[in-house]
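**Q** Before anything else, here's the structure in question.
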Amino acid sequence: MKMNFGLELNQSQKLILTKQLKQSLDILNMNIYELEEVITKENEENPVIEVEKKEELDWEKYIEYLKNKRNKDREYIQYQDEDYNIENMIKYNISIYEYLKEQVNYYKIDKKNKEIVEYIIDCLDEDGYFRLDICEVSKQFGVSNETILKNLKIVQSLDPCGVGARNLEECLLIQIREKEINNNFLENIIKEDLKLLANKKYKDICKKYKIKLEECIKIVDIIKKLEPKPGRKYSSFKNNYIVPDVIVEKVGDKYEVYLNDTNIPGIKINKFYEEVLKNCKKDDEAKEYIKEKLNSAINLIRNIQNRKNTILKISKEILKHQIDFFENGNKYLKPLILKDIAESLDIHESTVSRGINGKYMLTPYGLFELKYFFSSGLKDGEDIASTSIKNIIKEIINSEDKKKPYSDSRICSLLKEKDINISRRTVAKYRDELGISSSSKRKDFY
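Add 25 to the 1-based position in the sequence shown for the numbering used here, that's all there is to it.
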């Protein structure tokens with residue numbers, strides 16, 4: 026991203042570069058969810074940033090597409106192991122309803138009021154808001170409106186702060202009161218002028234409340250740090266998938282690697298602050314504040330782009346090294362270490378380690394953690410990975426005569442016929458790791 030305005034480094038350059046480098050390394054090490062949290066936090070705390078939430082990919086449809094494509098294309102490998110089932114991508118988190126009810130158990134309230142509190146919790150929407158009419162709820166329970174409001178206040182006192190609010194204004198007011206934020210104009214702006222803030226009509230706010238732009242920017246900064254949707258972190262309305270960082274598809278007779286950034290919000294600089302920076306006086310406090318936030322935004326944008334580039338390069342190298350795996354299945358997984366990728370890309374091994382940490386690759390055969398493709402080779406240098414040998418041992422044992430199961434020595438001999446030279450002790454070790462009993466315990470006497 027090209028910036029058309031200059032930024033001066035007014036602190037020690039070494040200190041700034043160290044800070045930038047640390048953020049760059051941290052961001053590379055993050056998975057998609059962690060990065061999304063960092064962007065959300067920066068958006069809340071940095072008024073200079075504008076975040077564009079991308080349209081989320083419908084993973085259920087995409088998984089169905091992959092399954093159909095795999096079934097039609099006979100070149101694709103048919104994994105039988107449930108570990109590689111694409112539908113195993115689904116993960117579930119605790120719902121907001123469970124989390125809130127756990128907290129209610131610590132309150133000393135009678136059975137009737139607890140029933141009302143839990144009903145209110147059950148009626149919260151995905152964002153944590155209570156949208157029902159108070160009068161209707163009071164009629165349902167045969168109690169006064171005041172009783173319902175009293176129990177609603179209990180819900181509003183729970184974590185996450187702001188939950189149980191009936192609208193955005195109430196949600197934000199609950200949070201500033203909980204945080205004991207003191208500002209003469211803050212509550213009035215939240216109650217009356219959120220639309221002006223949303224449309225960035227800062228000059229109109231300054232005029233209405235007779236405050237300087239610097240004061241308005243501080244208020245904006247406070248509001249940006251509040252959570253408008255306190256329930257979204259615990260959303261239980263849809264399955265949470267492990268989101269792949271890269272997607273591999275076969276196009277014709279070649280494999281293509283795509284970076285998946287559908288879950289990473291886009292970031293851009295708010296043009297309003299560029300104009301403010303140009304028009305501020307030389308030693309203006311607001312100017313220094315905006316410059317600091319601008320630098321922070323630019324560094325974040327740059328580091329996210331570096332993360333994308335690094336992950337994509339590493340993934341392409343993995344595909345290149347493990348092409349036999351993609352063509353013929355997991356029996357052909359080759360030994361691969363961090364050093365191999367680091368030397369190919371002329372980067373440090375620690376960079377590769379951060380680049381694969383918590384990252385996933387979605388293939389036509391299933392979802393794989395990038396670490397899966399790094400498997401230690403044999404001591405005698407055979408060009409086959411320990412994972413592959415375990416699969417072959419598993420196949421040998423599955424095909425044996427159960428009345429005369431193979432001993433570890435016999436398995437060792439059968440492996441030698443396949444040009445795999447490992448000791449009997451190593452066979453026993455791999456068999457144990459597969460959870461397979463010794464030949465004496467596998468023998469079928471009937």
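Beta carbons are placed, not taken as given, at the ideal position from N, Cα and C, and that holds for glycine.
Tell me which same chain residues have a C-beta within less than 6 angstroms of the C-beta of LYS235, skipping the five on either side of it?
**A** Excluding sequence neighbours, LYS235 sits near nothing in its chain.
**Q** Suppose the cutoff is 6 angstroms on Cβ atoms and the five residues either side in sequence are ignored; what does the same chain contact list for SER340 look like?
**A** Around SER340: VAL271 and VAL282.
**Q** Strictly by DSSP, which residues pair up with LEU197?
**A** None; LEU197 has no bridge partner.
**Q** List, from N- to C-terminal side, the alpha helix (DSSP H) runs of 4 residues or more that fit wholly inside the segment 243-321.
**A** DSSP runs (the alpha helix (DSSP H)) wholly in the segment 243-321: 296-304.
**Q** Would you verify that the beta carbon of ASP469 is, or is not, closer than 8 angstroms to some beta carbon of chain C?
**A** Among the chains in the structure shown there is no chain C, since it carries only a single protein chain.
**Q** Can you give me the Cβ contacts of VAL245 inside the same chain, cut-off strictly under 6 angstroms, excluding the 5 residues immediately before and after it?
**A** Correct list, in chain order: PRO72.
**Q** Which same chain residues end up closer than 7 angstroms to ILE436 when comparing Cβ atoms and leaving out the 5 residues on each side of it in sequence?
**A** Result list for ILE436: ILE418, ILE421 and VAL452, in chain order.
**Q** CB-CB under 8 angstroms to LEU459, same chain, minus the five flanking residues each way: which ones, in chain order?
**A** Once the five neighbours on either side are set aside, the close Cβ partners of LEU459 are LYS415, ILE418 and LYS419.
**Q** Helix, strand or coil for TYR131 per DSSP?
**A** Looking at TYR131 - three-state DSSP - the assignment turns out to be coil, as it is neither helix nor strand.
**Q** Can you tell me whether LYS303 is buried or exposed, with buried defined as 16 or more other CB within 10 angstroms of its CB?
**A** Per the 10 Å Cβ criterion, exposed.
**Q** LYS254 and ASP152: beta carbons closer than 8 angstroms?
**A** Yes; because the gap between Cβ atoms is below 8 angstroms, this pair is in contact.
**Q** With 16 other CB atoms within 10 Å as the buried threshold, where does ALA311 fall?
**A** It is buried - the Cβ of ALA311 has at least 16 other Cβ atoms within 10 Å.
**Q** Sort out for me which residues DSSP pairs GLY391 with in a bridge.
**A** Its beta-bridge partners are THR388.
**Q** Taking the C-alpha atoms as reference points, what is the distance between PRO269 and ILE159?
**A** Spanning the two alpha carbons is a distance of roughly 44 angstroms.
**Q** With burial defined as no fewer than 16 other Cβ atoms inside 10 Å of the residue's Cβ, what is the status of VAL276: buried or exposed?
**A** VAL276 should be labelled exposed.
**Q** Measure from the alpha carbon of TYR154 to the alpha carbon of each residue in PRO185, LYS175 and LYS359, then state which is nearest.
**A** Measuring from the Cα of TYR154, the nearest candidate turns out to be PRO185.
**Q** What number of angstroms, rounded off, separates the C-alpha of ASP135 from the C-alpha of GLU203?
**A** Taking the straight line joining both Cα atoms gives about 25 angstroms.
**Q** Nearest-angstrom Cα distance between ASN110 and PRO389?
**A** A caution first: ASN110 carries a pLDDT of 43, below 50, which makes its placement in the model too unreliable to give a value.
**Q** Report the rounded CA-to-CA distance for ILE102 versus TYR385, giving the unit in angstroms.
**A** Its pLDDT being 39, under 50, ILE102 is placed unreliably in this model, and the coordinates cannot settle the point.
**Q** So what's ILE372 in DSSP terms, helix, strand or just coil?
**A** It is coil, neither helix nor strand.
**Q** Using alpha carbons as the reference points, say which of PRO430, LYS429 and SER448 lies closest to SER438.
**A** The shortest Cα separation from SER438 among PRO430, LYS429 and SER448 belongs to SER448.
**Q** For the segment 207-224 against the segment 176-194, do three or more pairs of beta-carbon atoms, one drawn from each stretch, fall closer than 8 angstroms, so that the two count as touching?
**A** With a cut-off of 8 angstroms, the segment 176-194 and the segment 207-224 count as touching, because enough Cβ pairs lie within range.
**Q** Which full runs of the alpha helix (DSSP H) of 4+ residues lie inside the segment 426-450, going along the chain?
**A** You should have 433-442.
**Q** Closest to ILE146 by C-alpha separation, out of LYS133, GLU161 and GLN128, would be which residue?
**A** With distances taken between Cα atoms, ILE146 lies closest to GLN128.
**Q** Would GLN181 be called buried (16 or more neighbouring beta carbons within 10 Å of its own) or exposed?
**A** Classification for GLN181: buried.
**Q** Who pairs with ILE74 in a beta bridge, going by DSSP?
**A** Paired residues: ILE294.
**Q** Determine which residues share a DSSP beta bridge with PHE155 and list them.
**A** Bridge partners of PHE155: LEU149.
**Q** Under DSSP, the alpha helix (DSSP H) around TYR227 begins and ends at which residues?
**A** Run containing TYR227: 227-234, per the alpha helix (DSSP H) assignment.
**Q** DSSP on ALA453, reduced to helix/strand/coil?
**A** Three-state DSSP puts ALA453 in a helix.
**Q** Do LYS250 and GLU61 come within 8 angstroms of each other at the CB atom, strictly closer than that value?
**A** No; because the gap between Cβ atoms is not below 8 angstroms, this pair is not in contact.
**Q** Please classify ASP469: does DSSP put it in a helix, a strand, or coil?
**A** Reduced to three states, the DSSP call for ASP469 is coil.
**Q** Can you have a look at GLN330 and say buried or exposed, based on whether 16 or more other CB atoms are within 10 angstroms of its CB?
**A** So GLN330 counts as exposed.
**Q** Output the boundary residues of the alpha helix (DSSP H) element that contains GLU205.
**A** Looking at the DSSP string, GLU205 is not in any alpha helix (DSSP H), and its letter there is neither H nor E.
**Q** Just to confirm the assignment, what range does the alpha helix (DSSP H) spanning LEU459 have?
**A** No alpha helix (DSSP H) contains LEU459, which DSSP labels as neither H nor E.
**Q** Hey, would you say LYS220 sits closer than 8 angstroms to GLU75, going by beta carbons?
**A** Cβ distance not < 8 angstroms, so LYS220 and GLU75 don't count as in contact.
**Q** So what does DSSP say about LEU325, is it helix, strand or coil?
**A** Helix at LEU325.
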